[in-house]
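**Q** Residue numbers (UniProt numbering): 1 to 129.
The C-beta atom is built at its ideal place from N, Cα and C for all residues, glycine as well.
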């Protein structure tokens, strides 16, 4: 699992500084991203978004890695501050990623973002969902 975490950390560092060469290396050609509002980006669009999107801070927590042979599912929470088209943005999301080992190296094939709920809803009787 450490090798997947290593790739995940490398990906986060590349995202933070807009390291396009590293992103091209880590992201698979058939990569797809689903954003927090349902929009979809492919690999070229994901990398090109750094033209207008810049991280100021990117924090990852609650990371969980599950390996299934040459596939790994990574779940975590991301909190970031950034600018998009020179406007400040602050986002807290739960992130799901799928990494696949192809030709002896791990590549990111999918990532999906879901807005982080402030607090879990309370069901009748007081239990949280």
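What does DSSP give as the partner residue(s) for residue 99 in the beta ladder?
**A** Counting from 1 along the chain shown, the entry for residue 99 is found at position 99. Answer by DSSP bridge pairing, in chain order: 72 and 108.
**Q** Mind checking who residue 13 pairs with in its DSSP beta bridge?
**A** For the purposes of this step, residue 13 is identified with residue 13 of the chain shown, where counting begins at 1. None; residue 13 has no bridge partner.
**Q** Return yes when the Cβ of residue 78 is within less than 8 Å of the Cβ of residue 154, no when it is not.
**A** Residue 154 lies beyond the residue range present for the chain, which begins at 1 and ends at 129; the question has no answer from this structure.
**Q** What first and last residue would you give for the beta strand (DSSP E) that runs through residue 42?
**A** On the chain shown, residue 42 is found 42 positions in, with the first residue counted as 1. Taken as a continuous stretch (DSSP letters only), the beta strand (DSSP E) holding residue 42 covers 40 to 42.
**Q** Taking the alpha-carbon positions, what's the residue 130 to residue 114 distance?
**A** Outside the displayed range of the chain (1 to 129) lies residue 130, so it cannot be described from this structure.
**Q** Give the single residue among 111, 40 and 21 whose Cα lies nearest to the Cα of residue 73.
**A** Within the chain shown, residue 73 is the residue found at index 73, counting from 1. Residue 73 has its Cα closest to that of 111, out of 111, 40 and 21.
**Q** Express the C-alpha separation of residue 86 and residue 100 in angstroms, rounding to a whole number.
**A** One-based indexing of the chain shown puts residue 100 at position 100. One-based indexing of the chain shown puts residue 86 at position 86. Those two C-alpha atoms are separated by around 34 Å.
**Q** Between the alpha carbons of residue 17 and residue 29, how many angstroms are there, rounded?
**A** As a working mapping, residue 17 is identified with position 17 in the chain shown. As a working mapping, residue 29 is identified with position 29 in the chain shown. Cα-Cα distance, rounded: 21 Å.
**Q** Which residue wins for smallest C-alpha separation from residue 103, given the options 34, 88, 70 and 41?
**A** Along the chain shown, read from residue 1 onward, the residue named residue 103 stands at position 103. Residue 103 has its Cα closest to that of 70, out of 34, 88, 70 and 41.
**Q** Can you tell me the Cα-Cα spacing of residue 97 and residue 15, whole angstroms?
**A** Position 97 of the chain shown holds residue 97. Position 15 of the chain shown holds residue 15. When rounded, the distance between both Cα atoms is 14 Å.
**Q** Give a yes or no on whether the C-beta atoms belonging to residue 89 and residue 31 are separated by under 8 Å.
**A** Start at 1 with the first residue of the chain shown, and residue 89 comes out as number 89. Start at 1 with the first residue of the chain shown, and residue 31 comes out as number 31. Contact: no.
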